[in-house]
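Only one structure is covered here, and it is reproduced in the block below.
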Amino acid sequence: MENPTRKPTVVLVHGAFAESASWSGVIAELQKRGYTTIATPNPLRSVDGDAATVSRVVAAVDGPVVLVGHSYGGQVISNVQDSGNINALVYVAAFAPDEGESGAALAGKYPGSTLEQALAQPIPLEGGDVDLWIRHDKFHAQFAADMSEAEAALMAATQRHAAGSALNGPSGEPLWKAIPSYFIYGDADACLPPQGLGWMAERADSKKTVVIPGASHVVMASNPAAVANLIDEAAQSADTLIHIEGIQP
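If you want our numbering, it's the 1-based position in the sequence shown plus 10.
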C-alpha cells in the first residue's frame with residue numbers, strides 16, 4: 011500500500027515563448043508547502059516529440075505526479091504517455107486539445123488573440139519549418155501585460171522559440187479524458203482568448219476552474235500563489251485517491 015501522506019511530485023511544463031524559469035514563483039510557493047517540483051524543459055519542436063520528452067521525465071518519478079502545463083505545454087501534457095502515476099492535470103492558460111486539434115486552430119476558435127500580429131520574422135529551419143518568436147517591443151503588451159516592464163523585458167530576452175510545426179501539430183487521444191483536470195487563466199489573456207480557455211475547461215469537465223481578473227497569459231508568473239493553490243488542491247485530491255485505492259480489503 012502506498013503511503014497516503016506522501017505528496018505527489020509536481021511536474022511543470024512551460025509553453026511556447028516561455029522557459030522553465032517562468033515557473034519560479036510557483037515553485038517557491040510549492041516548495042514552502044513541501045512539494046518536490048520539476049520544471050522540465052520543453053523542446054518546442056513537435057507535439058509527439060515534446061510529449062515523449064515529458065513522458066520520460068514523468069516515468070522516472072518515484073511516486074504520484076501532478077502534471078502542469080502552460081499554454082502549448084497544455085497540449086504537451088494532454089499527449090503524455092501515462093505511466094500509471096499521473097493523478098491530476100492542471101492547465102495554466104493552456105490548450106486542452108481533443109484528438110486531431112492543434113494549438114494554432116484552438117487559439118483562433120474564438121476572437122481576441124493578437125499573437126499573430128506580435129510575432130517577429132520567422133527563422134527558417136531545415137526541411138521547410140520555421141521557428142516563431144515574439145518581437146521584444148511587443149512582448150510586454152502581448153504576453154505579460156500584468157508584469158512590470160523590466161520583468162517583461164527579461165522574459166522577452168529569455169523566451170524559447172517554438173517550431174511552427176509544433177504549434178500546428180495535431181493532438182492524439184487526450185489524457186484529460188482519463189485523468190481529472192483543473193484550469194486557471196486570466197480574463198485579460200491576449201494570446202489565448204478567455205472564452206476559448208473557458209470552453210476547453212468545460213469540455214474537459216474541469217474539476218475546478220479559476221479565472222483571475224486582469225491576469226495576462228503568464229498568470230503563473232503574475233499570480234504564482236493562485237496557481238500554486240490550485241495545484242495544491244489538485245494534489246490533495248490526488249492524495250485522497252491514492253489513500254482510497256491503496257486500501258486493501
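Note that the Cβ used here is the ideal one computed from N, Cα and C, for glycine as well.
Helix, strand or coil for residue i per DSSP?
| i | result |
| --- | --- |
| I189 | coil |
| T124 | coil |
| L54 | coil |
| D184 | Reading off the sequence shown, one finds Pro at residue 184, where the question assumed Asp. Note: P184 maps to coil in three-state DSSP. |
| A31 | helix |
| A38 | helix |
| P74 | coil |
| A176 | helix |
Which residue marks the beginning of the beta strand (DSSP E) containing residue i, and which one marks its end?
| i | result |
| --- | --- |
| D141 | V140 to L142 |
| T8 | This structure does not reach residue 8, given that the chain is present from 11 up to 259, and the question cannot be answered. |
| L22 | T19 to V23 |
Per DSSP, what are the beta-bridge partners of residue i in this structure?
| i | result |
| --- | --- |
| G196 | I222 |
| Y101 | G79 and F193 |
| P134 | V140 |
How about residue i and residue j: do their beta carbons lie closer than 8 Å?
| i | j | result |
| --- | --- | --- |
| V140 | V78 | no |
| V64 | V90 | yes |
What's the call for residue i, buried or exposed, on a 16-neighbour Cβ count within 10 Å?
| i | result |
| --- | --- |
| G224 | exposed |
| N178 | exposed |
| A167 | exposed |
| S93 | exposed |
| S88 | buried |
| D156 | buried |
Over what stretch of residues does the alpha helix (DSSP H) that includes residue i continue unbroken?
| i | result |
| --- | --- |
| D156 | Segment: none, D156 is in no alpha helix (DSSP H) and carries neither H nor E. |
| V90 | Run containing V90: none; DSSP gives neither H nor E here. |
| G113 | G113 to A117 |
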